[in-house]
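Visitor: Numbering (UniProt numbering), first residue to last: 1 to 556.
The C-beta atom is built at its ideal place from N, Cα and C for all residues, glycine as well.
Just so you know, these numbers come straight off a predicted model, no measurement behind them.
Once you've had a glance at the structure underneath, I'll fire off some questions.
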Amino acid sequence: MMAASKPVEPQSGSGLPRWQLALLVGTPIVLGVGAVYLWNRSRGKEKQGKRNGERKTPEGSASPVQGQHGATNPELENMSPLDRAQSAKNKGNKYFKAGKYEQAIQCYTEAISLCPKEQKGDLSTFYQNRAAAYEQQLKWTEVIQDCSQAVELNPCYVKALFRRAKALEKLGDKKECLEDVTAVCILEVFQNQQSMLLADKVLKQLGKEKAKEKYKNREPLMPSPQFIKSYFSSFTDDIISHPSAYFSGYLKAKQYMEEENYDKIISECTKEIESGGRYTAEALLLRATFYLLIGNATAAQPDLDRVINMDDASVKLRANALIKRGSMYMQQQQPQLSTQDFNMAAEIDPRNADVYHHRGQLKILLDQVEEAVGDFDECIKLRPDSALAQAQKCFALYRQAYTGNNPAQVQKAMDGFEDVIRRFPKCAEGYALYAQALTDQQQFGKADEMYDKCIELEPDNATTYVHKGLLQLQWKQDLEMGLELISKAIEIDNKCDFAYETMGTIEVQRFVMLHCFPVFLFLISLTNTSLLHWYGLFRVLFPNVVEMAQVHCVGS
Numbered sequence: 001m002m003a004a005s006k007p008v009e010p011q012s013g014s015g016l017p018r019w020q021l022a023l024l025v026g027t028p029i030v031l032g033v034g035a036v037y038l039w040n041r042s043r044g045k046e047k048q049g050k051r052n053g054e055r056k057t058p059e060g061s062a063s064p065v066q067g068q069h070g071a072t073n074p075e076l077e078n079m080s081p082l083d084r085a086q087s088a089k090n091k092g093n094k095y096f097k098a099g100k101y102e103q104a105i106q107c108y109t110e111a112i113s114l115c116p117k118e119q120k121g122d123l124s125t126f127y128q129n130r131a132a133a134y135e136q137q138l139k140w141t142e143v144i145q146d147c148s149q150a151v152e153l154n155p156c157y158v159k160a161l162f163r164r165a166k167a168l169e170k171l172g173d174k175k176e177c178l179e180d181v182t183a184v185c186i187l188e189v190f191q192n193q194q195s196m197l198l199a200d201k202v203l204k205q206l207g208k209e210k211a212k213e214k215y216k217n218r219e220p221l222m223p224s225p226q227f228i229k230s231y232f233s234s235f236t237d238d239i240i241s242h243p244s245a246y247f248s249g250y251l252k253a254k255q256y257m258e259e260e261n262y263d264k265i266i267s268e269c270t271k272e273i274e275s276g277g278r279y280t281a282e283a284l285l286l287r288a289t290f291y292l293l294i295g296n297a298t299a300a301q302p303d304l305d306r307v308i309n310m311d312d313a314s315v316k317l318r319a320n321a322l323i324k325r326g327s328m329y330m331q332q333q334q335p336q337l338s339t340q341d342f343n344m345a346a347e348i349d350p351r352n353a354d355v356y357h358h359r360g361q362l363k364i365l366l367d368q369v370e371e372a373v374g375d376f377d378e379c380i381k382l383r384p385d386s387a388l389a390q391a392q393k394c395f396a397l398y399r400q401a402y403t404g405n406n407p408a409q410v411q412k413a414m415d416g417f418e419d420v421i422r423r424f425p426k427c428a429e430g431y432a433l434y435a436q437a438l439t440d441q442q443q444f445g446k447a448d449e450m451y452d453k454c455i456e457l458e459p460d461n462a463t464t465y466v467h468k469g470l471l472q473l474q475w476k477q478d479l480e481m482g483l484e485l486i487s488k489a490i491e492i493d494n495k496c497d498f499a500y501e502t503m504g505t506i507e508v509q510r511f512v513m514l515h516c517f518p519v520f521l522f523l524i525s526l527t528n529t530s531l532l533h534w535y536g537l538f539r540v541l542f543p544n545v546v547e548m549a550q551v552h553c554v555g556s
């Protein structure tokens, strides 16, 4: 896991698996307690291009059908109103392609005014095209208005729904945005990466907002002992966790660490710092670490800055402070600053395995998988017994093979996981990462076994229960069991943000999917058998409203 005390939001990445369960959209893939999200979802979309279904251009030919430069006045007089509207639209498309959006808007407006009202399909296209031009001008209100007109004329108009969803997101209306983009995903049978990425992004934001609202009065609290122990286990060269023989405020704090009396550590470190004791640098670093653990980065950063700039602080202390500040920057989505700190740590302490371990995780977040593998290799060379680095190297190799659609390399990575858990049978992280890879491969039964092994090794690790709960939703569509396991996670650790955010995400998605139920039933009416398993999921989610919704849709 990275040194940041909270999971880091992923940058976008390629390799998004299919939206296997509506409930799981936005569910982060994390490595364990305090771990980072290692599965990038949308980076590289520029490379994907058309295959990813980006919707940037208006519909119709970019050149007028009557000729390269448009119809002449006599020709227009002999054309029907619809043909004249189409001609105006085609001229607008030509302006759009040339980046002349104001002229394009004028042409689309003319097309709208000329089009007979009974030609709903054509009229909806003209509104949608004008919305596309407004989108280029960042006029989000106008985009929403025109897309709404298009959808009113054509309720299943995917392009207009998606464009409206994007505009709603820009204006901060996440709930309306999620309703639109969920309908898009259903209409596209969960095949278009762009709409799934937007749903993923907005659902996570809403889930976090819901969790924050529910627990906004909760004071910053020290994480559970299991969380703290797991955090420190990600460092093999952490000088502040080494025992000492002298007595001071700092060493009293160290004693409290050994006793797992974590709530007193910050105050004892403060005594050492205020008295100017011999362990001021160590106390600053330990206090900063616990500020990070309780989620108070604002208080942590000045302490880390002081240690990094202290000429009399040891190289080990300064390198450790750089790792933790770099992880904090990554959590704050400042990858450039994060990279600078990790590189500086490697320069001043090149034999420090922790630098390469944590920088490797950063490289995965930045979708620099080959460099990540290189860092993990360096860490393993310095610390051959580092089970975490071995497991995370396997995950990096798996991710590279999975996103590259290389079945042979995927299997090689899976074999690597087997080797890791054989050589390091006490490393819970190895089982957890293997379980996530197995889930991707839809080997749900074996993934469940791996999570059970994690729980056996670390029965107080709340995040494992959350992952196991999400697996039940994806594997068996067992909402009751999934929620029961997530509730168990909160019972074990009532400070587990991941559990609360997951609960919030599920609640939001249940609400949104219910609102999209009419669209879903319309698709079912088309007898597309590939959607039947989704119908089963809806019955699990909404057992009391399915029949009522059916009656409503039939009646409408």
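When DSSP labels each residue in this structure, what does Gly276 get in the three-state scheme?
Guide: Locating residue 276 in the sequence shown gives position 276, counting from the first residue. Coil, per DSSP.
Visitor: Following the continuous alpha helix (DSSP H) through Leu365, name the residue where it begins and the one where it ends.
Guide: Along the sequence shown, one-based indexing puts residue 365 at 365. Counting along the chain, the alpha helix (DSSP H) containing Leu365 begins and ends at 353-365.
Visitor: Could you give the distance in angstroms between the alpha-carbon of residue 557 and the alpha-carbon of Met344?
Guide: The chain is shown only over 1 to 556; residue 557 falls outside these bounds and no answer can be derived.
Visitor: Expressed to the nearest angstrom, what Euclidean distance is found between the alpha-carbon atoms of Gln392 and Ile506?
Guide: Residue numbering aside, residue 392 sits at position 392 when the sequence shown is read from its first letter. Residue numbering aside, residue 506 sits at position 506 when the sequence shown is read from its first letter. Straight-line Cα distance between these residues: approximately 28 angstroms.
Visitor: Going by the CB atoms, is the gap between Leu483 and Gly469 shorter than 8 angstroms?
Guide: Stepping through the sequence shown from its first residue, residue 469 is reached at position 469. Stepping through the sequence shown from its first residue, residue 483 is reached at position 483. Yes, these two residues count as a Cβ contact at 8 angstroms.
Visitor: Can you tell me whether DSSP reads Met344 as helix, strand or coil?
Guide: Here residue 344 is taken as the residue at index 344 of the sequence shown, counted from 1. In this structure, Met344 counts as helix in the three-state DSSP scheme.
Visitor: Assign Gly482 to one of three DSSP states: helix, strand, or coil.
Guide: Your numbering for residue 482 matches position 482 in the sequence shown. If DSSP states are grouped into helix, strand and coil, Gly482 belongs with the helices.
Visitor: Identify, in the order they occur along the chain, each residue of the same chain with its Cβ nearer than 6 angstroms to the Cβ of Phe235, setting aside the five sequence neighbours on each side.
Guide: Along the sequence shown, one-based indexing puts residue 235 at 235. Cβ within range, chain order: Asp354.
Visitor: Please list, in chain order, all residues of the same chain as Leu397 whose beta carbon is under 6 angstroms from its beta carbon, the five residues on each side excluded.
Guide: Stepping through the sequence shown from its first residue, residue 397 is reached at position 397. Here the set comprises Ala413.
Visitor: Are Val369 and Ile348 close, meaning C-beta to C-beta below 8 angstroms?
Guide: Taking the sequence shown and counting its residues from 1, the one referred to as residue 369 is at position 369. Taking the sequence shown and counting its residues from 1, the one referred to as residue 348 is at position 348. No, the Cβ-Cβ distance between Val369 and Ile348 is not below 8 angstroms.
Visitor: Can you grab the Cα-Cα spacing for the pair Glu152 / Ser124, in whole Å?
Guide: Residue numbering aside, residue 152 sits at position 152 when the sequence shown is read from its first letter. Residue numbering aside, residue 124 sits at position 124 when the sequence shown is read from its first letter. Computed Cα separation, rounded: 8 angstroms.
Visitor: Put Leu284 into one of helix, strand or coil per three-state DSSP.
Guide: As a working mapping, residue 284 is identified with position 284 in the sequence shown. Looking at Leu284 - three-state DSSP - the assignment turns out to be helix.
Visitor: Determine the DSSP secondary structure at Cys496, reduced to helix, strand or coil.
Guide: On the sequence shown, residue 496 is found 496 positions in, with the first residue counted as 1. Residue state, collapsed to three classes: coil.
Visitor: Name the residue from Ala183, Asp146, Glu110, Phe395 whose alpha carbon lies nearest to the alpha carbon of Tyr434.
Guide: Against the sequence shown, residue 434 aligns to sequence position 434. Measuring from the Cα of Tyr434, the nearest candidate turns out to be Phe395.
Visitor: For Glu110, I'd like the list of residues in its chain whose CB is within less than 7 angstroms of its CB, leaving aside the five on either flank, ordered along the chain.
Guide: By 1-based counting over the sequence shown, the position of residue 110 is 110. So the qualifying residues of the chain are Ala88.
Visitor: Need the endpoints of the alpha helix (DSSP H) that Tyr465 sits in, please.
Guide: For this step, residue 465 is matched to residue 465 along the sequence shown. 462-476 is the span of the alpha helix (DSSP H), which, as asked, contains Tyr465.
Visitor: Using a Cβ-Cβ cutoff of less than 7 angstroms, which residues in the same chain neighbour Ala165 once the five nearest sequence positions on both sides are dropped?
Guide: Here residue 165 refers to the residue found at position 165 of the sequence shown. Cβ neighbours of Ala165 beyond the five flanking positions: Cys177, Asp180, Val181, Val184, Leu198.
Visitor: Using the three-state DSSP reduction, which class does Ala297 fall into: helix, strand or coil?
Guide: Numbered from 1 along the sequence shown, position 297 holds the residue referred to as residue 297. Here Ala297 sits in helix by DSSP.
Visitor: Nearest to Gln149 by alpha carbon, out of Lys170, Phe126, Gln136, Leu138?
Guide: Numbered from its first residue, the sequence shown carries residue 149 at position 149. Of Lys170, Phe126, Gln136, Leu138, the residue nearest in Cα terms is Phe126.
Visitor: Which residue comes first and which comes last in the alpha helix (DSSP H) that contains Tyr398?
Guide: If you number the sequence shown from 1, residue 398 lands on position 398. Counting along the chain, the alpha helix (DSSP H) containing Tyr398 begins and ends at 387-403.
Visitor: Distance check for Gln128 and Glu142, CA to CA, integer angstroms please.
Guide: Working through the sequence shown from its first residue, we reach residue 142 at position 142. Working through the sequence shown from its first residue, we reach residue 128 at position 128. Looking at the two C-alpha atoms, the distance is approximately 11 angstroms.
Visitor: How many angstroms separate the CA atom of Arg306 from the CA atom of Ala283?
Guide: Indexing the sequence shown from 1 puts residue 306 at position 306. Indexing the sequence shown from 1 puts residue 283 at position 283. Cα to Cα, Arg306 sits roughly 11 angstroms from Ala283.
Visitor: For my contact list, Met503 and Ile486 are in at a C-beta cut-off of 8 angstroms; report their separation, rounded to the angstrom.
Guide: Locating residue 503 in the sequence shown gives position 503, counting from the first residue. Locating residue 486 in the sequence shown gives position 486, counting from the first residue. Right, their Cβ atoms sit about 6 angstroms apart.
Visitor: Once you ignore the five residues that flank Arg451 on each side, which residues in its own chain have a CB closer than 8 angstroms to its CB?
Guide: Counted from its first residue, the sequence shown places residue 451 at position 451. Rather than Arg, the amino acid found at residue 451 in this sequence is Tyr. Contacts found: Tyr431, Ala432, Ala435, Thr464, His467, Lys468, Leu471.
Visitor: DSSP on residue 558, reduced to helix/strand/coil?
Guide: Residue 558 lies beyond the range of the chain shown here (1 to 556); nothing can be said about it.
Visitor: First and last residue of the alpha helix (DSSP H) that includes Tyr101?
Guide: Translated into positions along the sequence shown, residue 101 becomes position 101. That run of the alpha helix (DSSP H) goes 101-114.
Visitor: Classify Asp303 as buried or exposed, calling it buried when 16 or more other Cβ atoms lie within 10 Å of its own Cβ.
Guide: As a working mapping, residue 303 is identified with position 303 in the sequence shown. Flag for Asp303 reads buried.
Visitor: Taking the CB atoms as reference points, tell me whether Ala133 and Tyr101 lie closer together than 8 angstroms.
Guide: In the sequence shown, residue 133 corresponds to position 133, counting from 1. In the sequence shown, residue 101 corresponds to position 101, counting from 1. Contact flag set, yes.
Visitor: Would you say Tyr250 and Tyr291 are within 8 angstroms of each other, going by their C-beta atoms?
Guide: For this step, residue 250 is matched to residue 250 along the sequence shown. For this step, residue 291 is matched to residue 291 along the sequence shown. It is not a contact, given that the beta carbons lie outside the stated cut-off.
Visitor: Tell me whether the beta-carbon of Gly92 lies closer than 8 angstroms to the beta-carbon of Cys107.
Guide: Walking along the sequence shown from the start, residue 92 turns up at place 92. Walking along the sequence shown from the start, residue 107 turns up at place 107. A contact, by the Cβ cut-off of 8 angstroms.
Visitor: Grab me the residues of Ser195's own chain with a C-beta within less than 7 angstroms of its C-beta, minus the 5 sequence neighbours each way, in chain order.
Guide: Along the sequence shown, one-based indexing puts residue 195 at 195. Only Phe162, Val181, Val184, Cys185, Glu188 meet the Cβ criterion.
Visitor: Can you round the beta-carbon distance between Ala131 and Ala104 to whole angstroms, since I take them to be within the 8 angstroms contact cut?
Guide: Indexing the sequence shown from 1 puts residue 131 at position 131. Indexing the sequence shown from 1 puts residue 104 at position 104. Wrong, their Cβ atoms sit about 11 angstroms apart, outside the cutoff.
Visitor: Work out the CA separation of Ser327 and Glu169 for me, nearest whole Å.
Guide: Taking the sequence shown and counting its residues from 1, the one referred to as residue 169 is at position 169. Taking the sequence shown and counting its residues from 1, the one referred to as residue 327 is at position 327. Cα to Cα, the separation comes out at about 28 angstroms.
Visitor: Assuming Ala489 and Ala462 make a contact with CB atoms under 8 angstroms, what is their CB distance in whole Å?
Guide: As a first step, residue 489 must be located in the sequence shown, where it is residue number 489. As a first step, residue 462 must be located in the sequence shown, where it is residue number 462. Yes, they are in contact, since the Cβ atoms of Ala489 and Ala462 sit about 4 angstroms apart, within 8 angstroms.
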